[in-house]
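Mapping of the sequence shown onto numbering that gives the first Met the number 0: position 189 corresponds to residue 188, and the numbering continues sequentially without gaps.
Glycine included, C-beta positions come from ideal geometry on N, C-alpha and C.
The structure presented is a predicted model; accordingly, all values stated were derived computationally and were not measured.
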Amino acid sequence: MPAHTTTQSNMRDRIVTAIILACFALITIAMVSCGKAESGGGKKAQQPTATATTTAATDSASQHTSRIERGKYLVTVGACNDCHTPLKMGPKGPERDMEKMLAGHPEGLALPAPPKVDGPWGMMFTAMTGTAYAGPWGITYSMNLTPDTATGLGNWSEQTFLLALKEGKHFGGSRPIMPPMPWEMYKNMTDEDLKAIFAYLKSIPAVKNKVPEYMPPAGPMASK
Ligand code: HEC
């Protein structure tokens, strides 16, 4: 074969290859854009059906975990620790005693009688632990919110918890819940959020800590 013919046929081969490649490229582009257009419809809709059986089992477990996470978030921003986790004295001053996280007023910490309510600063006295309060309503102690069965929320049902926070009734049904427990604010949470808080409280370490009983007002405070 003469040299120039070989070059020509080489050229022709290259042009043919280039045309074929261009065609492939066009077909690919067309397929990709078709796929995009379809993705809102048929193609996507089939995916959940295909994976439904495999994810069903893990769904309930992960839903439970995310409910606890949500509860933790709500307890944090809802400032429950502010009153329900006692303060202890640390090197830099009072700090939250996280070993007693949400365990309420420390058992055995007996307090003397509160000062008399007098003048514009007399709405409330708070103990050094931040967990006992004296005011016109008497003396209240923040409750143990850990899942200890004898002294905390261990035996509470979700329903009791919801009733307590929505209706402001001690144990969901007896005497009114007294200040400064801000249940009147918390009652505005959705049932789902309150259930998430309860799920989180059930998941934290149980602390055995018997909080003293509420003391109704006596003497001059009673008439205020
Ligand atoms: C400003 C202080 C304060 C804050 C903040 C607070 N609590 Fe309380 N809580 C109290 C006190 C005090 C009591 C005890 C009231 C009583 O004995 O009547 C109490 C009682 C409770 C009780 C027991 C109700 C019952 O049946 O007697 C629950 C449950 C509770 N709090 C949950 C919470 C949760 C959850 C949060 C955060 C979302 C929270 N508290 C935030 C002070 C507070």
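- Apart from sequence neighbours up to five positions away, the residues of its chain that approach N80 with a beta-carbon distance below 8 Å are V74, R95, M100 and L101, ordered along the chain.
- By the beta-carbon neighbour count (other beta carbons within 10 angstroms, threshold 16), N154 is exposed.
- In this structure, T84 is the residue among P105, T84, K91 and M88 with its C-alpha nearest to the C-alpha of M97.
- Per DSSP, M122 lies in no beta strand (DSSP E) segment and is marked neither H nor E.
- Note that the region 196 to 214 touches the region 140 to 158; at least 3 beta-carbon pairs, one per stretch, sit closer than 8 Å.
- Look at R174 here: in three-state DSSP terms it is coil, with no helix or strand label.
- The count of Cβ pairs closer than 8 Å, one atom from the region 125 to 143 and one from the region 204 to 215, reaches three, so the stretches are in contact.
- For G118 and C82, the gap between their C-alpha atoms comes out near 25 Å.
- The ligand HEC has a heavy atom closer than 6 Å to the beta-carbon of P179.
- DSSP places T189 in the coil class of the three-state scheme, outside both helix and strand.
- Residue K168 holds the alpha-carbon nearest to the alpha-carbon of E183 among R66, K168, G172 and S173.
- In this structure, A163 lies away from G151, with their beta-carbon atoms at least 7 Å apart.
- Around the beta carbon of P105, 16 or more other beta carbons sit within 10 angstroms, so the residue counts as buried.
- If you look at L86, you'll find it in the beta strand (DSSP E) that goes L86 to G89.
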